[in-house]
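Q: Its first residue numbered 1, the sequence shown is counted upward by one per residue in UniProt numbering.
Cβ atoms here follow ideal geometry from the backbone N, Cα and C, with glycine treated the same way.
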Amino acid sequence: MKYPCIPGNFESIHTEAHLLRILGTHPRIIASKGLTEHGLLLQRASNGSLSDYIASQSFIPLSQKLLWCKQAAEAASYIHTKHVIHCDINLRNFLLDKNFDLLLADFQGMLKSADGEILLDGLSRECSKSYMPRSHGDYACVRTDLFALGSAIYFIMTGHEVFPELDSLTQDEEISSRFENGVFPTDNHLCCHITEKCWRQQYKSADEIVSDLYLIQASEAVSE
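Structure (structure tokens):
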């Protein structure tokens, strides 16, 4: 059960319920079982958030990391086909089901029409380490989600957030400045070209990211 952040304020809960109704059933999206008088009844994610799980593990196999990266991109790809922008893609909002497969959750983002008109806005936006610099702070689109997806993939592959030496709350201006000036993390990991393309806005869709991740998975399977 998901309860209102502010007791009695059901607006955010209704927004999430509406977006989840539009998204329907998909293996990469948290399932909604509908509104009750107390809140929103959601599918149980028995293994918690991906961020907490990664923090608790001393070793995660590369094959598992690559699978999670692809599942994260699949989730983004699907919601974009429904004209939903998540607006806060990060590892706290990826949950793990009983099989340790990813479920994208916490839908407080934006619904757009086919021609880009904003139909619903839950006003959620990314934290500084996932936030694509833009002239209008509330603007959101597929590419802002893909930028955040790049930071999520980076976290999965390296085990830590971008710029781990910087605090996302107290040093957000420095983080924003680095992103604005094209100063991106340079860690060497198997998906580093994917994360950089996300941050440089060189992908047009999450489908392209899924394809690139599939190729990496295939090459790793052959090398094993």
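#1: Drop a sphere of 10 angstroms on the beta-carbon of Gln71, count the other beta-carbons inside from all chains shown, and report buried for 16 or more, exposed for fewer.
#2: Just grab the DSSP bridge partners of Ile118 for me.
#3: Out of Leu67, Tyr78, Gly116 and Ala114, which one is the CA nearest neighbour of Asn99?
#4: Are Leu149 and Ile54 close, meaning C-beta to C-beta below 8 Å?
#5: Rounded to whole angstroms, what's the CA-CA distance from Ile175 to Cys192? Just pull it up for me.
#6: Going along the chain, which residues of its own chain have a beta-carbon closer than 7 Å to the beta-carbon of Cys127, five neighbours each way excluded?
#7: What is the rounded straight-line gap between the Cα of Leu147 and the Cα of Ser77?
#8: Sorted by chain position, which residues of the same chain lie with C-beta nearer than 6 Å to residue 225's C-beta, five sequence neighbours on each side aside?
#9: How should Thr195 be labelled, buried or exposed, when 16 other C-beta atoms within 10 angstroms of its C-beta is the threshold for buried?
#10: Is it right to say Val84 is buried, meaning 16 or more other beta carbons lie within 10 angstroms of its own, or is it exposed?
#11: When you compare only the Cα positions, how much space is there between Leu158 and Asp187?
#12: Please check the pair Cys87 and Ser51, which I expect to be a contact at CB under 8 Å, by giving their CB distance rounded to whole angstroms.
#13: Tell me whether Leu40, by its Cβ, gets closer than 7 Å to a heavy atom of the ligand COA.
#14: Helix, strand or coil for Ile156? Go by DSSP, reduced to three states.
#15: Residue ranges of each beta strand (DSSP E) run of no fewer than 3 residues wholly in the stretch 36-106, ordered along the chain?
#16: Nearest to Pro27 by alpha carbon, out of Cys69, Ile13 and Asp97?
A: So, from the listed chains and residues:
#1: So Gln71 counts as buried.
#2: Paired residues: Lys112.
#3: Per the Cα distances, Leu67.
#4: no
#5: Here the alpha carbons of Cys192 and Ile175 stand approximately 19 Å from one another.
#6: When the five nearest sequence neighbours on each side are left out, the beta carbons in the same chain lying within less than 7 Å of the beta carbon of Cys127 are those of Asn90 and Ser168, in order along the chain.
#7: The question names Leu, but residue 147 is Phe in the sequence shown. Roughly 13 Å separates the two Cα atoms.
#8: With the chain covering 1 to 224 only, the question about residue 225 has no answer from this structure.
#9: By the neighbour-count rule (16 or more Cβ atoms within 10 Å), Thr195 is buried.
#10: buried
#11: Note that residue 158 is Thr in the sequence shown here, rather than Leu. When rounded, the distance between both Cα atoms is 8 Å.
#12: With a Cβ gap of about 18 Å, Cys87 and Ser51 do not count as contacting.
#13: Judged by which ligands are present, the structure shown has none, so any question about the ligand COA falls away.
#14: helix
#15: 40-42, 94-96 and 102-104
#16: Asp97
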